[in-house]
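Chemist: Handing you a structure now.
Chains as they are written, first to last, in the working numbering: chain A, -17 to 65; chain B, -17 to 65.
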């Protein structure tokens, strides 16, 4: 039970981490220094982590990677929009 | 066995993802658009994922988060150096 709690806190942190980056790009209307390659590779990895989470039946891994994927798609969208 | 393989590929992708960002900052000598908050929150989360990996005895989670932590520290160092 406390194991899932640790996983969920970790998941909240590594997922929420992308929020200030999304906000910063939106505020500056610039993503020049942000690496597009990073976010594309990260998105592939996060999708595969989701699969891994499903197989080992780890709720924090599954939920975290779905939310993270959405935030990554937002960064990729902003990167295309603002360059 | 194949479960660990999926986890390891996912781990390689989400870890390697930070490499192009490290390279980009180093090349541009600029990290203006990169969010420091993101990397500090991410580092806390990655440390906690390491703890989670140790508890559930998941080799890909443990190894991935150690390497990711090192790359995050590099981005944070560059962010301080190049602003």
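Don't be surprised by glycine CBs; every beta carbon is placed ideally from N, CA and C.
How about residue 31 of chain B: is its C-beta nearer than 8 Å to some C-beta of chain A?
Modeler: By one-based count along the second chain, residue 31 of chain B stands at place 49. Cβ-Cβ to chain A under 8 Å: yes for residue 31 of chain B.
Chemist: Using Cβ-Cβ distances below 7 Å, what residues of the stretch -11 to 17 of chain B are close to chain A?
Modeler: Answer in chain order: -11, -9, -8, -5, -4, -2, -1, 0, 2, 3, 6, 7, 10, 12, 13, 14, 15, 16, 17.
Chemist: Do you know how far the Cα of residue 54 of chain A is from the Cα of residue 37 of chain A?
Modeler: Counting from one through the first chain, the residue named residue 37 of chain A turns up at place 55. Counting from one through the first chain, the residue named residue 54 of chain A turns up at place 72. Going by the C-alpha atoms only, they are around 23 Å apart.
Chemist: Taking three-plus beta-carbon pairs below 8 Å as touching, is the stretch 43 to 59 of chain A in contact with the stretch 6 to 13 of chain B?
Modeler: The answer is no - the stretch 6 to 13 of chain B does not touch the stretch 43 to 59 of chain A, with fewer than three Cβ pairs under 8 Å.
Chemist: Does the Cβ of residue 24 of chain A have 16 or more other Cβ atoms within 10 Å, making it buried, or fewer, making it exposed?
Modeler: Counting from 1 along the first chain, the entry for residue 24 of chain A is found at position 42. Looking at its Cβ environment, which holds 16 or more other Cβ atoms inside 10 Å, residue 24 of chain A is buried.
Chemist: Does the Cβ-Cβ distance between residue 60 of chain B and residue -2 of chain B come in under 8 Å?
Modeler: Here residue 60 of chain B corresponds to residue number 78 of the second chain, with the count starting at 1. Here residue -2 of chain B corresponds to residue number 16 of the second chain, with the count starting at 1. Contact: no.
Chemist: Terminal residues of the continuous alpha helix (DSSP H) containing residue -14 of chain B?
Modeler: The residue labelled residue -14 of chain B in the question sits at position 4 within the second chain. Residue -14 of chain B -> alpha helix (DSSP H) spans -16 to -2.
Chemist: Starting from the beta carbon of residue 20 of chain A, find every residue of chain B whose beta carbon is closer than 7 Å, and list them in chain order.
Modeler: Here residue 20 of chain A refers to the residue found at position 38 of the first chain. By Cβ distance, chain B contributes -1, 0, 2, 3.
Chemist: Are residue 51 of chain A and residue 33 of chain A closer than 8 Å when you measure CB to CB?
Modeler: Position 69 of the first chain holds residue 51 of chain A. Position 51 of the first chain holds residue 33 of chain A. Taking 8 Å as the Cβ cut-off, residue 51 of chain A and residue 33 of chain A do not qualify as a contacting pair.
Chemist: Would you identify the three-state DSSP class for residue 16 of chain A, choosing helix, strand or coil?
Modeler: As a working note, residue 16 of chain A is residue 34 in the first chain. Correct three-state label for residue 16 of chain A: coil.
Chemist: So, for residue 0 of chain B: in the same chain, excluding its five sequence neighbours on each side, which residues have a beta-carbon less than 7 Å away from its beta-carbon?
Modeler: Locating residue 0 of chain B in the second chain gives position 18, where the first residue counts as 1. Taken in chain order, the residues that qualify are 50, 53, 54, 57.
Chemist: Give a yes or no on whether the C-beta atoms belonging to residue 69 of chain A and residue 30 of chain B are separated by under 8 Å.
Modeler: Nothing about residue 69 of chain A can be reported from this structure: the residues present for chain A run from -17 to 65 only.
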